[in-house]
Structures are given as C-alpha cells and as structure tokens.
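First to last, the sequence lines map onto chains E and S. Heads up: the first sequence begins at 1 in the working numbering, then just goes up one per residue. Heads up: the second sequence begins at 655 in the working numbering, then just goes up one per residue. Beta carbons: idealized from backbone N, C-alpha and C, even for Gly. Owing to the predicted nature of the structure, the values given are computational and were not obtained by experimental measurement. Worksheet for the structure shown next.
Protein chains: 2
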Amino acid sequence: MTPAAVSLDELCVNAIRGLSIDAVQKANSGHPGLPLGAAPMAYAIWKRHLRHAPSQPQWLNRDRFILSAGHGSALLYSLLHLTGYDLPLSEVQAFRQIGSKTPGHPENHITPGVEMATGPLGQGIATSVGFALAERYLAARFNRPEFPIFDHFTYVICSDGDLMEGVGQEAASLAGTLGLGKLIWVYDSNGITIDGSTDIAYREDVAAKFSALGWHVQSVDGMDVDAVDRALQSAKAETARPSIIIATTIIGFGSPNKAGTSKVHGAPLGEEELRLTKEALGLPAEPFSIPNDARAALDARAAGEAHIEVWDSLLTRYRANFPELAAELDQVLSETWDCTSVAWPEFKSVATRKSSHDCLLALANHFPTLIGGSADLAESVYTDLHGMGLQSAQDPNGRNIAFGIREHAMAAAVNGITLHGGCRAFGGTFLIFSDYCKPSIRLAALMEIPSIFVFSHDSIGLGEDGPTHQPVEQILGLRSIPNLNVIRPADGAETAVAWSLALESEDRPTAIVTSRQNLPVVTNEAPAEHPARNGGYVLQDSDGVPDLILIATGSEVSLALQAAEALEGVNSRVVSMPCTRIFDEQPEAYRNSVLIPSIPSISIEAATTLGWQKYSDVQIGIDTFGASGPGPKLMEHFGFTVANVVETARNLLS
Amino acid sequence: MTPAAVSLDELCVNAIRGLSIDAVQKANSGHPGLPLGAAPMAYAIWKRHLRHAPSQPQWLNRDRFILSAGHGSALLYSLLHLTGYDLPLSEVQAFRQIGSKTPGHPENHITPGVEMATGPLGQGIATSVGFALAERYLAARFNRPEFPIFDHFTYVICSDGDLMEGVGQEAASLAGTLGLGKLIWVYDSNGITIDGSTDIAYREDVAAKFSALGWHVQSVDGMDVDAVDRALQSAKAETARPSIIIATTIIGFGSPNKAGTSKVHGAPLGEEELRLTKEALGLPAEPFSIPNDARAALDARAAGEAHIEVWDSLLTRYRANFPELAAELDQVLSETWDCTSVAWPEFKSVATRKSSHDCLLALANHFPTLIGGSADLAESVYTDLHGMGLQSAQDPNGRNIAFGIREHAMAAAVNGITLHGGCRAFGGTFLIFSDYCKPSIRLAALMEIPSIFVFSHDSIGLGEDGPTHQPVEQILGLRSIPNLNVIRPADGAETAVAWSLALESEDRPTAIVTSRQNLPVVTNEAPAEHPARNGGYVLQDSDGVPDLILIATGSEVSLALQAAEALEGVNSRVVSMPCTRIFDEQPEAYRNSVLIPSIPSISIEAATTLGWQKYSDVQIGIDTFGASGPGPKLMEHFGFTVANVVETARNLLS
C-alpha cells in the first residue's frame, strides 16, 4: 500500500492506533486491543460529531465523551493529545508511571479532558445517564426558544463488560425509562473477553434486549468510519429514546498474529509484533512519530474556540433577553453552593431522616438546580421534593428522580449529574443498601466530586425488618473509603450541619446517615456556627478535668447523655462525633482537647466496634448480625442501655 | 357468597392469605400486600408442583422454593406452617419478634424449610441460579439411565424489585447463557412499588427482554390458580431454557380500600381493614383461625414421606448397580470436606494467587463436586480447573463456570451452589471487585454457609492498573462482616491453610485474599499443623522477651522479616496475622502470648490503617487511594520499605 492510497481518515485512525500502542509498549503494561479495534468509532465521534474545546475543557455546554471501557485509556490519551488538550507527548510517553497525567485507567481529576474515572466496568455507562439527565434538566429550566444554552450530547464507548455488569444493566433500564434522547452509547462488540470468546458467558441478543428496554438500536460495521458516522447521525436525530450503536469490531486490528484474539486484550504487543502491526497499518516504525497530516487534521482547538465564541455570544443575548433567568443561570454557572442564607427549618425531636427531609426541602427551595431522588424509598428515606415534579421525558423540569430499585445505577447517576456541572444531586436509600452502590460511592471519592448520598434506617434501631436490613459494618465500611465524609448526626441541628457540609464541599462526596427512629433534640446551634463542623466536639462537659469521656454518634448521643447523668460521682464528658474524618483533619491540639489522651474513654455506636479502637479505650457496639424485633427491644437486647453503659464505665474506671 | 360456592382451591388460597395478614397485623409490622396478591401462584406451586417433604426439610432431591421477594415472608411462613413443617402456629403468631422462628425476612438458618435468606432484592433470583446449576452438575455426574438421583426443579417467586436490581439482571443473563432448563421464576407483576406505580421507574417490555436473554417466557393471570398451574407445566416441559412466568396480580387482593395501591405494600392493614378483607375473602373474623378443610388439603407431610420412600428405594438400587459411583455419591451425601488427605503441592516463591491455584487444583482432584470459576478473570485470579470442562448445557459435567463479567451474580450463584448441598463452590475476581459483590458475601455470612471467594490483586502491589483497581479499604470492609473469615496468606503454605479452613468450614464463608506479585516462601508447615490455623502466630522470635512486635499480613510479612533483620540491637518479634477473626476467637492467654500487651507493636499492611488500632500501637498502611505505576515503585512510594519500618520502629521505641 502506498501512502497515496491512504485516505486522510485512515491516516488519522492509524495515527491514533500507533500512538496508543506505542504508549502501551513503552509502559510495558496496558491494553492495546481496544485502541486498535475502536479507533475508527472514536475517530468518527471525535472528528465528525464531538463539539468540544480542547483549550477550555470545562466549557459547560461541551458534548461529553466517556470511555466506559476505561482499560482502553491509551486510546483516550491519544485522542486528547492529538486534538489539542493540555496533554503533551511527554505525558503520553509516561503512560502508567507514578505522577504522570496518563494513569492506567482514566482519572478526571488528573487529566484535562477526561470526564470521569473509568475502569471498574459498568461505571462509565451508568454515570453517563447522570450526564444526560443533568443536560436535560438544565435545558428544560434555562433554555428558551432560539436560546439553546444547554444543548449537548453524551457519547460513550463501552464494552461487553460494561453491558454485563449489573450497574450497567440497571442504567440501561433507567435510561430507557427516562427516555434520555441525547444519550448515545457505542458498543465496541469485538467478541472477545479476557477469558476468550464472549460466547462462553454472554449470549444475549443485545439488539433485542435494548429494544425491549426502550432504546433506539442500530447495528453497524465498527471498522467503517462512514458507517459509524451515519449511525451517529441517526442516533442524534432520535430524540425520544437513548441510542445504542452495536459496532462490530476486530480487537487488536492490524496486529498480524494477535488480532481477533484475547491475547491482544490486556498485554503489550511486544516489540516484534508492534513492528509488524505498524507495518501493516502503514505507520512509520519510529516510536511516537505522528504523521503531520494526521496531526493537522485532528487538531480541534480552533473549532473549539469557535464553538465557545458562538455560545458566549448566545449567552450575551440571553442575558439581555431574560435578565431574571440569566441571574439564576449566572449563579448556577458560578458553581457556588454557599448555605449561609438558607432558611433552615426549626428542629424537633423527630427521626433524623425527617430532619434531613426538612433540610433538603429548605435547600431545594434555595438552590434551583439541586435535584435527586431515591431507589424507590422516597417516603421512607424522606427524599421527596414536594411539588417539584417527577423527572421524565414529559416533564424534564421535574426535580424528583425515580431511580427505581436500582441503588447502584442511582449512585452512578448522582455522580454523573454532579460531574456534569451546573447541578448538584443526591440519592437516597437505606444504609444497608449502601453495599449495593459502594463501587460508585468509592468512585465519587476517587474522582473528588461532591456527590451526596442519604442513607436512612442506620442501625438495628430500624427494628422488625431484621438482620438483612440492619446495618452493622456499613458505617465503618464507608468511613474507610478515602476522601468520603460520613456524617451521622445526633439530631436536627447536626443534620443541618451535615447537609451544609455536603453542599459546600467541592471535591469530596458526603454520606449522610440518618435514623428511622425518633431522636431527642440535643443541640441547637445554627449550621454555620455549630461545633459539629469540626467532626467531633465536646457536647457536654463536667466541672474540671473529666474522669471519663463518652464518645457517641447519631442515635447513641442521647444515650451517652443519659448515661453521663446516671454516672453519679463521675465527672463525665460527652463527645458527639458525627464525622470521624473531619475530626481527624482538625489540628492535633484540638483533637487532644476533645479526646484528652490520658482520660479513659468509651465509644458507643450501634454498629461494629472495629475501628473505634482508634478513639476509645473500650467500645460498646454490635459485632454480630442484628435480629428481627421492635427497635427499642433490640436496642436493649444488644446492650444500648443506660445500665450497660454505666456498668461498662464503672468497670473501666475501677 | 356462601361457603358452598367456594372451591377447595379458593378456600386454601384464602386460608394462606388470612394467616399471613393476621401475622402482619399481630406484629403490627410487615407486608400484607404480597401475600394477598401472590397466594394463588404460591398455592399453585406448593400444592400442584413442589415435591418436598416437610418432615425432612433437608432431603437432598427436594424441589427448591425461594421467595426472592423476601418482604412477603408472612406468605412463606404460612405455607411452611400449613404444609406441615416444624413451624407451629405459636411461631407464626410471634412474627417479627426477637427469638422467634419467623423473623421479618426469611432466614434459612433459623426456620426449617426456608432455603435461603431473602429480603435484599435480587439476591433470591440470583442465588437460584446456583441452586439450578448444582442440580444440573450433580445430575450429570451421578445420574444414569433410569436412575435420576438428582432431579428437581428450582422455583422462585420474585417481584419487580428483584428484576430491576443489577444482581438480578446479571443472574437472568447468566441463567439464559447457561440454559438452566429446570429453573422457573414466577414474577409477581402487580404494577406497584413502594413509591407508587411501577411505571414511574420501570417501563421495560419484560417479556421481550427475557426472550432476548434466551428464556422461555409466558404471561398469565396470576390470580388464576389453574392458569398458573398450566404455565408451570409448560415451564417444566421446556428443558433447554430457564422459564419466567409473568403473572399479573393485584397487590393486596381482597382489601376493599387498599388493594391495588402502594398503601398495602409495607404496612399492616389495620384492624378495621383486616376485618373487611377477611369478610371479602369469606374468612372467619377470628385471628389465626384456619378452616379445617384447608388445613387438611394443604398438609404435605404424607406425600413428602412417600417421595422420600421412592427416592430411598431408587438409591438402594443405585448402590447395587453402580457401586463405585455410589461410593462417591455417599461421600458427597455425607457432606464431609476433610482436607487431611489432600495431596498438597510443594510451594515456591511465587505469587499467592499462583499458590492458590496449586491448592485449588489439588482440592479439585480430591473433591469431585468442588466447582466454580471467575468473573472473566480465570487466568489472572488463577481459578481455572485444567481439563475439567466448561459448564454449559452441552457439557453439564463441566466444573469450570464462566460467570462472565458479573461479580455480583457470581457470588450469589456460589451461595446457591453451596446452599444446595452436595457441592462446594468458589468464585474469583480481583479484590477491588469484592465491592461489586459485597451484598452476596454478607448474605453468605448471615446464612451461615461456607461459600468460598478468591480475591487476587490484593493491594497497590498490583501496579499499573492504578487506583480504580487497587484495594485500600476492601480488606477491612470484609473483615468487618460478622461471621466471615478473611484470610490473607503470606506464602504458599499459609495459602494451603486458607484453603483447608475454607473447605473444612461448615457455617462460615471464607474470603481468600492473594497477591498479584511474587512472594518469598517464609513458612513450610503442612496445612493441618500450620500455626496459621490460629489466625495469628509468632512467625519469628527474638531471644527472650521482645522489645518490639511487628505484625503483618500477606505480602507485608516478608517485609516485616527483613525489617526485623535490619533492626540491629532490637529484639524483634514478627507475627503473621492472616486472619484476624480466627485470632480473635483464640483463648485470651494465647492472644496475649502472641501480642504481649505491654510490648510496643507496629502493624504493617498495604491497606487502610483503620482497624489495626485494635492490635498495634502504630500502624503502617495506606489511607489514601493508590496510584498508577509499577508495583515495586508504588510499594516504595507509599512507604512499604525496610527503611520506613525501621524508622517507624526507632521512633516508637525512643
């Protein structure tokens, strides 16, 4: 083949391939198969459809692109480098090295142009639902005829792994139900998984299935740029349903000895096979050499700046035509979520799930782009935004999202809405079902985004539903996730602190953990001044140096207060510790002033004792599964009584 | 309506309904809607199809029945009581009370006749795949023409919540791929969820979807016993594909003011509505009164004993005809998994994932009904049973199960195989993806069954794949689950201990956590005598009382040994702690002899430090996310070096 016979499209596609496999080979680690097979579809999206601006990766109305099959990260880094993002060749050459901007799987907080962290399969497609939902909500709220301020597509490249994962299937079902017409998944159907042919484990009729889920379905030759292009045009034209394009590809295309096999999935080609592959693709042998014509054709910077210019001009005219809306829009664009002027409710001795609801309603009134919902437990978790509509194709203004009994896709969608920008989102379920969405919670923490999760029914105190529904180890499990605030408030005022911290957070997700049962009011400071903002604080003190420190969280704080009262002759201090992570981040002097190291201490939490050894000498908790029975009886049964705390204290002090 | 007009079928169905709603009302807690709507389908299954023996609930060839919609537990307890299981009326009357045999959601280890714990949605249907798989494997291995030793169906009643959950969708896809012809799901399609009409969140064409997944699909009137009966007959006749019967029902049927609404889903009817409902159903007003004709008709004890008699006689003839097979079968029936005569391999300085593979192969050779597989990572996690076939409809003898990229359904299926009896099962994936299957792991622990989970790539040591793939908090998270052994072996010999303990366990699941990277041999005792059986033990000691105790697990044990060597002038003890739970269960004297309370100690584990405060004064670990880079460089970067341990020790001792 002479260079003259190669079209510019082909040259570009092969340039993407070559850069990707060079990066994998230099790292001696990574996945060459996906970039070789999926380069044509990626090129079709990025060159012919994606409206983006490499010089302004955060432009709010950009089309979003998510590589759900994150193991093909080399493909994404090649695209970002070649289209002109701030990702120099030296970074591509440092693929998979400590401190580089090209980690093994994409990470949004590290690399400009990466929309989200992907790699754990299913997360990309599930999160994409949130992106598309945020776009639809913002468009419904702010767009006016001839003023499409929010108007973009969300494109995804996904793999069979994404489609097999439960979270991905939940997301497909949810997107179909919601009728997200601007969501487009391109399925890189290469017939190969790590263990061999996909047939051994995956025999669905994917097209028929997605039709049944309410999707617009097309099947194309994924190696044909023009065919993918045409399918993308049809997908964009279909506005009532999300689209999936099933694109048949050859994994490792170009590799003479490995293409079409699982050998090319997850290991470098090797020097010799790399040479042969480049030869077959008509690429220069020299590593990281990019044909000039391809480089010029792929550079998207000028086009991006033109997009932004058009949008900025639209925005200027919008401001003139709709001054009130524009003021609201500008607040949204500023991405500030300052809670100081929120009209917080008065708090009563109710369950913290109800206090949480009061806070949420106050916040929803204050912030028009705070949206969310629950996994079919709106009336139990108390997440319903009264009178604010149910999000659907018919009512895209609806601020309540019925995620269905799909906790995992809910958490991923909350992440997507949050990542999109312009909106903040919450998702609620019972604390026990945080287990169902843990991977997405973890990803929120890793991605450094302020997703909000509301988990009610937080202990055996929920009662009769029994051990399948009673959290024991979940609070510790959440606390152990790096960069996640887990806040278990003791009463209404602490609940308002939890919500304030959650909204004000910029780079850390929050889990708010609430009770099913009523709890007495024990504090009354306003959220901006409340000492709970320190994570842990002295709620009630004795005269002088205490003899004993009782540390408690949530529903056990009032128990600690009662026990302190009952401990006659003992100078007891009660510490409320709604968030251990924030407490850990306080200055040492503060921490030592709250938990005086030399004073005996007891922690009380209706959950596993494991982990509390960090803060207390003796732990009152529950290290077995719970049981079915009325909540108050269970609390007694498992030792959450004044008598037990008093006895434990007397034993410790003697 | 006069009593004469009521058929016996109707009388029985209403007796089931009445008992269920009385139990809910007496508890003043529970879910009346499902029992009222699903009683006809339950009656059709239990009266006309289910081959079971109430007097011998553990009969191995019984049909299995799983109430996946576990919130309808009152229905199941009614069925168990009325068909003659050891569940007296007094227990039904103690519904949802502490210590009763009728907890809020079904629990197999508490109630005779309950096959598994259900309640967390999706788990029942997903676990049912394992039941059906175990039956097919055992039948393939042991049955001979005219000797159907293993020959039973697995029936499930499920709800829309089950079908929405990701784990349920994974299971549906897996069952279709595997062609499990004796698996029958009856979907109680009542159009109502907690938050209202299912339409708001669930608009799939369920029939078309299941067809696309390779299922046999029927739609029937779920209120019509005969219609359900006929559909069950067709489902049983279809042997190549699993069957789903979409049965349209009216939630809360009979309740004049609440039927067909979400009000009847999860709260008692109330005394007045209960009275009206019973009146509408033609039932006596008196609580817990059961018409004699219904009681007589539903009693299944005599029929059950006849089933067993037939089977026992078949077994006797089988033993005579196939003495060799019968010997193997008898061993299987005895459910003993004694590892003392296993031909363990010799261990080398390889990754513990490879040592684990050697152990697994030795065990698979020894135990013919040990089966399992991985979530598309057989060659990375090392779970492949070489030459033992791939389980499929075409090769039901296959002992390797390709679960696909469906970790959650894998774990649930492993539970199902284990619960079935006759088999033991394992499932493998990367440790990070234990997050994807946590709810099923927890359920195994709650159900007190010895499922085996193999989790490789257990730390940042896995290298370039980066933080999305690097476990940090997962080991702690697993350790915090009550009744789960988490074993992180330091070398091959400890890995053999882990596998021994896993197989020998009768009522506790095990997670075996292995390294991707090579580890040196540090111990060589045979598994039956290895001190690792104590959970933690002194691996290397100093002369006399130590100055310092270094505690480590897995890949960090060899680091501790090197550090002890480098700590000149310090009498250092090295403790290997592969399983904290087993260590915690040792006598206090033993524990204090290993971790001498007065001696300064440092724990070293390439994972979160949280939790280690229980055992050590100072912790070396990683409390942030990992990073992408070569494994050895990451270990250095995060402080897992001799120099850092030595410095930490010197600081502690000074």
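Length of the line joining the Cα atoms of residue i and residue j
i: residue 1292 of chain S; j: residue 509 of chain E; result: 24 Å
i: residue 271 of chain E; j: residue 19 of chain E; result: 14 Å
i: residue 120 of chain E; j: residue 1122 of chain S; result: 7 Å
i: residue 931 of chain S; j: residue 914 of chain S; result: 13 Å
i: residue 287 of chain E; j: residue 1056 of chain S; result: 38 Å
i: residue 484 of chain E; j: residue 581 of chain E; result: 8 Å
i: residue 63 of chain E; j: residue 256 of chain E; result: 36 Å
i: residue 16 of chain E; j: residue 281 of chain E; result: 11 Å
i: residue 1289 of chain S; j: residue 770 of chain S; result: 42 Å
i: residue 350 of chain E; j: residue 519 of chain E; result: 5 Å
i: residue 102 of chain E; j: residue 1132 of chain S; result: 31 Å
i: residue 235 of chain E; j: residue 178 of chain E; result: 16 Å
i: residue 955 of chain S; j: residue 719 of chain S; result: 16 Å
i: residue 621 of chain E; j: residue 649 of chain E; result: 14 Å
Contact under 7 Å by Cβ, residue i with residue j
i: residue 1237 of chain S; j: residue 1165 of chain S; result: no
i: residue 830 of chain S; j: residue 776 of chain S; result: no
i: residue 1178 of chain S; j: residue 1147 of chain S; result: yes
i: residue 352 of chain E; j: residue 514 of chain E; result: yes
i: residue 269 of chain E; j: residue 32 of chain E; result: yes
i: residue 1279 of chain S; j: residue 482 of chain E; result: yes
i: residue 436 of chain E; j: residue 407 of chain E; result: yes
i: residue 304 of chain E; j: residue 53 of chain E; result: yes
i: residue 87 of chain E; j: residue 76 of chain E; result: no
i: residue 95 of chain E; j: residue 27 of chain E; result: yes
Partner residues on chain E for residue i, Cβ-Cβ distance less than 7 Å
i: residue 1090 of chain S; result: 439
i: residue 1130 of chain S; result: 480
Cβ shell of residue i (< 7 Å), same chain only, five flanking positions each side left out
i: residue 462 of chain E; result: 469, 470, 516 and 631
i: residue 1038 of chain S; result: 1032 and 1054
i: residue 665 of chain S; result: 945, 947 and 948
i: residue 655 of chain S; result: Only weak support is given to the placement of residue 655 of chain S: the predicted model assigns it a pLDDT of 41, under 50, and the question is left unresolved by the model.
i: residue 556 of chain E; result: 604, 605, 606 and 640
i: residue 142 of chain E; result: 149, 150, 325 and 329
Local conformation of residue i per DSSP, three classes
i: residue 1269 of chain S; result: coil
i: residue 649 of chain E; result: helix
i: residue 144 of chain E; result: strand
i: residue 567 of chain E; result: coil
i: residue 203 of chain E; result: coil
i: residue 663 of chain S; result: helix
i: residue 793 of chain S; result: helix
i: residue 210 of chain E; result: helix
Cutoff 6 Å; reference residue i; Cβ partners in own chain excluding five residues on either side
i: residue 611 of chain E; result: 476
i: residue 3 of chain E; result: With a pLDDT of 47 at residue 3 of chain E, under the threshold of 50, the modelled position of that residue is not reliable, and no figure is offered here.
i: residue 134 of chain E; result: 417, 420 and 423
i: residue 41 of chain E; result: 186, 222, 228 and 247
Contacts of residue i in chain S (Cβ-Cβ under 7 Å)
i: residue 49 of chain E; result: Under the 7 Å cutoff, chain S gives no residues; its nearest Cβ is about 27 Å from residue 49 of chain E.
i: residue 404 of chain E; result: 818, 855 and 856
i: residue 608 of chain E; result: 1134
Partners in chain E for residue i, counting only beta-carbon separations shorter than 9 Å
i: residue 774 of chain S; result: 432, 433, 435, 436, 468 and 469
i: residue 810 of chain S; result: Under the 9 Å cutoff, chain E gives no residues; its nearest Cβ is about 17 Å from residue 810 of chain S.
Contact set between residue i and chain S, taken where Cβ atoms lie within less than 9 Å
i: residue 97 of chain E; result: 1118, 1282, 1283, 1284 and 1287
Within chain S, the residues that residue i reaches when beta carbons sit closer than 8 Å
i: residue 379 of chain E; result: 848 and 849
Cross-chain neighbours of residue i in chain A, by beta carbon under 7 Å
i: residue 442 of chain E; result: No chain A appears in the structure shown, which is made up of the protein chains E and S.
Beta-carbon proximity list for residue i, same chain, < 8 Å, skipping 5 on both sides
i: residue 1099 of chain S; result: 1135, 1136, 1137, 1138, 1162 and 1163
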